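This report concerns only the one structure given below.
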Amino acid sequence: MKNKSIFGICLEVSDLLEEKNRKYGNANLTKHGHLGVLTRLSDKLARLETLTKDNLYPESIEDTYKDIAGYAVMALKLMRAGEI
0 MKNKSIFGIC
10 LEVSDLLEEK
20 NRKYGNANLT
30 KHGHLGVLTR
40 LSDKLARLET
50 LTKDNLYPES
60 IEDTYKDIAG
70 YAVMALKLMR
80 AGEI
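Residues in the sequence shown are numbered from 0 upward in steps of one, following numbering that gives the first Met the number 0.
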């Protein structure tokens with residue numbers, strides 16, 4: 000059963016974000032600063048638009064929302080660290 004609380008969902012996003020950050024790093028964001036973040040978010044929003052047209056892949060839609068939240072959190076972390 001999937002967690003429905005805000006805290007639980009935030010923990011899921013945190014786990015995903017840490018895993019992806021270990022795999023891929025954050026150079027795709029720091030290289031271009033806020034524009035890099037906006038580009039990644041734009042990619043995810045375009046994916047979400049495509050996925051929601053027929054609602055055939057609810058798991059992919061959920062993953063995309065987690066990615067969007069993750070990019071926002073990572074941007075805040077990097078901004079507070081002076082990296083973007």
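Positions of the beta carbon are idealized from the N, C-alpha and C atoms, including for glycine.
Source: prediction; values computed, not measured.
Listed in chain order, the non-local C-beta contacts of alanine 74 below 6 angstroms within the same chain comprise Val36, local neighbours out to five positions each way being set aside. Rounded to whole angstroms, glutamate 48 and alanine 80 show a C-alpha spacing of 32 angstroms. Judged by DSSP in its simplified three-state form, tyrosine 56 adopts coil rather than helix or strand.
Counting other Cβ atoms within 10 Å of its Cβ, leucine 16 reaches 16 or more and is therefore classed as buried. In the three-state reduction of the DSSP assignment, glutamate 82 falls in the coil class, being assigned neither a helical nor a strand state.
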